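S.K.: Residue numbers (our numbering): 325 to 693.
This is the structure we're talking about:
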């Protein structure tokens, strides 16, 4: 029969009672030689690391380790089973698995002892030097001794007046501390570090806050900033991008305001270029695209921006304001030279103050030969 630890402890108490021994397990009589363990700095490639802590039973009665609770799946443990008699030493051993866990760590182990299930918390810590494969997978962006988990954030659609928050994880793969610095991406974005000094082999997080209340523009936006590993090491940098598609907040508009608002319409809604070939189409560097914007609402329509995400487009002419019933012509040129062979389809987006349709898309499709 296999006994659980709880049953085993109960049987021990029965044996103690039958033999006339005292059943007092007062935690005050346990002297822990240490409740902390520091693994120091060690390489992930070296595999699991083992440590242990001990206590001496300085009381006049036996005690037991009832159970040990771990707070992380990266740790396993073993401990002294059975009675710990007066004057004896008990051991709690633990093993930390660093696989895929570069950086500094601190874990707690909860040890319950005695008749009253008294709790003692043991803390272990250390710093794992990441293996090359782990760093390449988890922190693929490299800027000299500094590694990042990404080079881009896409917040997607964000209602104007609200905010978004994101964390970037930074890792110091060098041998000296780093003090990262960065450029200012604009008034709508705030950036800060949880630790402004990153020791070798350790991680820190960069907080990125987007506050659209400080942004007057609408539609798809990109904020960029440059991160340098250290003010004294400007030879390596990485450019980070923050993407957001800011939409108007309609919650405070009355039904009457919505009824009298401007209404955008684009014509045509779809542009077909046909088959494009560098030999036949000599103007692929400045391929002309035209369409019309009209205001079918009851108040003036204001055109904020016209963009094509990820496509090199230059505007030559477009209306910035249209009175009700009026229309204006948009003239742009697109550089198709770097488009891969095969069919393509992308959108030109017209961003206006139409509250019901702030982004009016025009589909552009064709084929590169």
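Every residue, glycine too, gets a C-beta built ideally from N, C-alpha and C. Note that the structure is a prediction, hence the values are computed from the model and not measured.
Do you know how far the Cα of residue 458 is from the Cα of residue 404?
M.R.: Taking the chain shown and counting its residues from 1, the one referred to as residue 404 is at position 80. Taking the chain shown and counting its residues from 1, the one referred to as residue 458 is at position 134. The alpha-carbon atoms of residue 404 and residue 458 are separated by roughly 35 Å.
S.K.: Enumerate in chain order the residues of its own chain whose CB-to-CB distance from residue 528 is below 7 Å, with the five nearest sequence positions on each side excluded.
M.R.: What you label residue 528 is simply residue 204 of the chain shown in a count that begins at 1. The answer, listed in chain order, is 494, 517, 518, 519 and 522.
S.K.: Given a threshold of 16 other Cβ atoms within 10 Å of its Cβ, counted over all protein chains shown, does residue 533 qualify as buried or as exposed?
M.R.: Your numbering for residue 533 matches position 209 in the chain shown. Counting Cβ neighbours within 10 Å, residue 533 comes out exposed, since fewer than 16 surround it.
S.K.: Would DSSP call residue 359 helix, strand or coil?
M.R.: Locating residue 359 in the chain shown gives position 35, where the first residue counts as 1. Residue 359 falls in the coil class under three-state DSSP.
S.K.: Taking just the CA atoms, how far does residue 683 sit from residue 691?
M.R.: On the chain shown, position 367 is the one that residue 691 refers to. On the chain shown, position 359 is the one that residue 683 refers to. Their Cα atoms are separated by approximately 26 Å.
S.K.: Quick check: residue 653 and residue 588, are their CB atoms within less than 8 Å of each other?
M.R.: The residue given as residue 653 occupies position 329 in the chain shown. The residue given as residue 588 occupies position 264 in the chain shown. Going by C-beta atoms, residue 653 is not nearer than 8 Å to residue 588.
S.K.: Classify residue 590 as buried or exposed, calling it buried when 16 or more other Cβ atoms lie within 10 Å of its own Cβ.
M.R.: As a first step, residue 590 must be located in the chain shown, where it is residue number 266. With 16 or more other Cβ atoms within 10 Å, it is buried.
S.K.: Is the stretch 650-664 touching the stretch 563-571, taking contact as three or more C-beta pairs under 8 Å?
M.R.: At 8 Å Cβ cutoff, the stretches do not touch.
S.K.: Short of 6 Å in beta carbon distance, which residues of its chain neighbour residue 620, apart from the five on each side in sequence? Order them along the chain.
M.R.: Sequence index remark: in the chain shown, residue 620 carries index 296 (1-based). These residues qualify, in order along the chain: 587 and 589.
S.K.: Could you tell me the distance, in whole angstroms, from the CA atom of residue 407 to the CA atom of residue 371?
M.R.: As a position in the chain shown, residue 407 is number 83, starting the count at 1. As a position in the chain shown, residue 371 is number 47, starting the count at 1. Distance between the alpha carbons of residue 407 and residue 371: 33 Å.
S.K.: Considering only residues of the stretch 420-461, which uninterrupted beta strand (DSSP E) runs meet the minimum length of 3 residues and lie entirely inside it, listed in chain order?
M.R.: Taking only runs of at least 3 residues, the beta strand (DSSP E) segments lying wholly in the stretch 420-461 are 427-437 and 442-453.
S.K.: Can you tell which of 504, 455 and 569 has the C-alpha that lies nearest to the C-alpha of residue 485?
M.R.: Taking the chain shown and counting its residues from 1, the one referred to as residue 485 is at position 161. When each option's Cα is compared against that of residue 485, the closest is 569.
S.K.: Taking Cβ positions, are residue 450 and residue 559 nearer each other than 8 Å?
M.R.: Residue numbering aside, residue 450 sits at position 126 when the chain shown is read from its first letter. Residue numbering aside, residue 559 sits at position 235 when the chain shown is read from its first letter. No; because the gap between Cβ atoms is not below 8 Å, this pair is not in contact.
S.K.: Quick one: is residue 509 buried, meaning 16 or more other Cβ sit within 10 Å of its Cβ, or exposed?
M.R.: Locating residue 509 in the chain shown gives position 185, where the first residue counts as 1. By the neighbour-count rule (16 or more Cβ atoms within 10 Å), residue 509 is buried.
S.K.: Consult DSSP for residue 537 and reduce its assignment to one of helix, strand or coil.
M.R.: Counting from 1 along the chain shown, the entry for residue 537 is found at position 213. DSSP places residue 537 in helix when its eight states are reduced to three.
S.K.: Taking 7 Å as the limit between beta carbons, can you name the residues of its chain near residue 409, skipping five residues before and five after?
M.R.: By 1-based counting over the chain shown, the position of residue 409 is 85. Excluding residues within five positions, the ones whose Cβ falls inside 7 Å are 381 and 386.
S.K.: Does the beta-carbon of residue 469 have 16 or more other beta-carbons within 10 angstroms, so that it is buried, or is it exposed?
M.R.: Start at 1 with the first residue of the chain shown, and residue 469 comes out as number 145. When all chains shown are included, residue 469 counts as buried.
S.K.: Within the same chain, show all residues whose beta-carbon is closer than 6 Å to that of residue 477, passing over the 5 residues directly before and after it, in chain order.
M.R.: Numbered from 1 along the chain shown, position 153 holds the residue referred to as residue 477. Around residue 477: 490 and 566.
S.K.: Looking only at its own chain, which residues have a Cβ that is under 6 Å from the Cβ of residue 675, when we skip the five neighbours before and after it?
M.R.: Against the chain shown, residue 675 aligns to sequence position 351. Result list for residue 675: 542, 543, 628, 629 and 683, in chain order.
S.K.: Need the endpoints of the alpha helix (DSSP H) that residue 732 sits in, please.
M.R.: Summary: the structure shown does not reach residue 732, with the chain confined to residues 325 through 693, and so no result is reported for it.
S.K.: Hey, which unbroken runs of the beta strand (DSSP E) at 3 residues or more fall wholly within the stretch 543-613?
M.R.: Runs of the beta strand (DSSP E) inside the stretch 543-613: 543-552, 562-571, 588-591 and 594-600.
S.K.: Would you kindly check if the distance between the Cβ of residue 669 and the Cβ of residue 689 is under 8 Å?
M.R.: Here residue 689 refers to the residue found at position 365 of the chain shown. Here residue 669 refers to the residue found at position 345 of the chain shown. Contact: yes.
S.K.: Using alpha carbons as the reference points, say which of 428, 417 and 506 lies closest to residue 394.
M.R.: Your numbering for residue 394 matches position 70 in the chain shown. For the residues 428, 417 and 506, the minimum Cα distance to residue 394 belongs to 417.
S.K.: Would you mind sorting residue 511 into buried or exposed? The rule is 16 or more other CB atoms within 10 Å of its CB.
M.R.: Start at 1 with the first residue of the chain shown, and residue 511 comes out as number 187. Looking at its Cβ environment, which holds fewer than 16 other Cβ atoms inside 10 Å, residue 511 is exposed.
S.K.: As a quick exercise: from 411, 390 and 496, pick the residue whose alpha carbon is nearest that of residue 428.
M.R.: The count along the chain shown starts at 1 and reaches residue 428 at position 104. Ranking the options by Cα distance to residue 428, first place goes to 496.
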